[in-house]
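Position 214 of the sequence shown, counting from 1, maps to 225 under my numbering, and the rest follow consecutively. Glycine included, each C-beta is placed from N, C-alpha and C at the ideal position. Bear in mind the structure is a predicted one, so any value in this text is a computation, not a measurement.
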Amino acid sequence: MDISTYYGSIFLENSILFFLDLFDTIVSTTHLVMKRKKRNDMQSFPTIIQYRHIHLSSVDHVLLFGENVKGTTLRKLGQKEQVVFQEMVEIIGKNGVILKAHVLGPERDKTQVELSATEAFALGINAPLRVSGDSDHSASCILKGPKGEVQAKMCVIIPVRHLHLPPRLAKKYNLEQGSIISLQTVQHPFQEIDQVIVRIHPTFRPEFHLTFDEASTFWLQTGDAVHLL
């Protein structure tokens, strides 16, 4: 092989490698652009981090705060008619540890305490993972207010992460009450969030709710967007 043939073969080989690399780059870039476009075309939902809080029954409210004492609204929540009251209640665990939590309104038929897994562990409470409102056979605690204490039986849960939807959006995405879905974070690094329960009600605004523990796992903050998968 003469020298011109030798260098010609090297040039040809390098040219082929160059164009193969260029092709891979174009394909990868196109795939990334299409994925981003798909995410941008999809419905996004704001993330809401749920901090520990308490829903009180009217009976327990009286026992903790006294007769004719109404809650003072601190701020309104995204969901219709729901508010955070300025008043706080002490949650006393089995190990004597005490955590304070805001009371949420309006009042419910049954008192419910919602904690993160870390908070339940700190209080020595073996709280089950449940959908809010399902507190049957859940954990117990002592609640202490300015006027008294309540032995709150079967009221403590760790709320399962869930997506609030109005019926029109649920119908649009073929979702039903109790459907289990997966979501994806919009910000890098993109992460899949599975085992999300769908909750549907005419008054619901579309929001994704999860505890502080879970939000830390997925690098999420209140207001961050997530997409349906």
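Whole angstroms are fine: how far does the CA of Ser151 sit from the CA of Arg50? Translated into the one-based positions of the sequence shown, residue 50 becomes position 39. Translated into the one-based positions of the sequence shown, residue 151 becomes position 140. For Arg50, the predicted model reports a pLDDT of 47, less than 50, meaning its position is unreliable; a value from the coordinates is still stated below. Separation of Arg50 and Ser151 (C-alpha to C-alpha, rounded to the nearest whole angstrom) is 43 Å.
Would you mind listing the beta strand (DSSP E) stretches within the segment 201–233 that are 3+ residues and don't spill past its ends, in chain order? Runs of the beta strand (DSSP E) spanning 3 or more residues and lying entirely within the segment 201–233 occur at 203–211 and 218–222, in chain order.
Distance, Tyr62 Cα to Lys87 Cα: Here residue 87 refers to the residue found at position 76 when the sequence shown is read from its first residue. Here residue 62 refers to the residue found at position 51 when the sequence shown is read from its first residue. Lys87 and Tyr62 have their C-alpha atoms spaced approximately 15 Å apart.
Please work out which residues of its chain come closer than 7 Å, Cβ to Cβ, to Val95, disregarding the five sequence neighbours upstream and downstream, and give them in chain order. As a working note, residue 95 is residue 84 in the sequence shown. Leu85, Arg86, Leu88, His113 and Leu115, listed in sequence order.
Cα-Cα separation between Thr196 and Gln90, rounded to whole angstroms: Your numbering for residue 196 matches position 185 in the sequence shown. Your numbering for residue 90 matches position 79 in the sequence shown. When rounded, the separation of the alpha-carbon atoms in Thr196 and Gln90 is 22 Å.
How would you write the range of the alpha helix (DSSP H) that Glu130 sits in, first residue to last? For the purposes of this step, residue 130 is identified with residue 119 of the sequence shown, where counting begins at 1. Residues Ala128 to Leu134.
What three-state label does DSSP hand Ile138 in the structure shown? Position 127 of the sequence shown, counted from the first residue, corresponds to residue 138. The sequence shown places Ala at residue 138, not Ile. If DSSP states are grouped into helix, strand and coil, Ala138 belongs with coil.
Pull the bridge partners of Ala236 from the DSSP assignment, please. Locating residue 236 in the sequence shown gives position 225, where the first residue counts as 1. Bridge partners of Ala236: Pro57.
Applying the 10 Å Cβ sphere with the 16-neighbour rule, what's the burial state of Val167? The residue you call residue 167 lines up with position 156 of the sequence shown. Per the 10 Å Cβ criterion, buried.
When DSSP labels each residue in this structure, what does Ser69 get in the three-state scheme? If you number the sequence shown from 1, residue 69 lands on position 58. In this structure, Ser69 counts as helix in the three-state DSSP scheme.
Beta-carbon proximity check, Phe56 vs Val237, cutoff 7 Å: Here residue 56 refers to the residue found at position 45 when the sequence shown is read from its first residue. Here residue 237 refers to the residue found at position 226 when the sequence shown is read from its first residue. By the CB criterion at 7 Å, Phe56 and Val237 fall inside the cutoff.
Are the segment 191–206 and the segment 139–146 touching by the rule of at least three beta carbon pairs closer than 8 Å? Here the segment 191–206 makes no contact with the segment 139–146; the two share fewer than three CB pairs at distances below 8 Å.
So is Ser146 buried or exposed if we call it buried at 16+ other beta carbons inside 10 Å? What you label residue 146 is simply residue 135 of the sequence shown in a count that begins at 1. With at least 16 other beta carbons inside 10 angstroms of its own, Ser146 counts as buried.
According to DSSP, Cys166 sits in a beta bridge with which residue or residues? Locating residue 166 in the sequence shown gives position 155, counting from the first residue. DSSP, once it has assigned bridges, lists no residue as partnering Cys166.
Provide the residue span of the alpha helix (DSSP H) that contains Pro178, from first to last. Residue numbering aside, residue 178 sits at position 167 when the sequence shown is read from its first letter. Start and end: Pro178 to Lys183.
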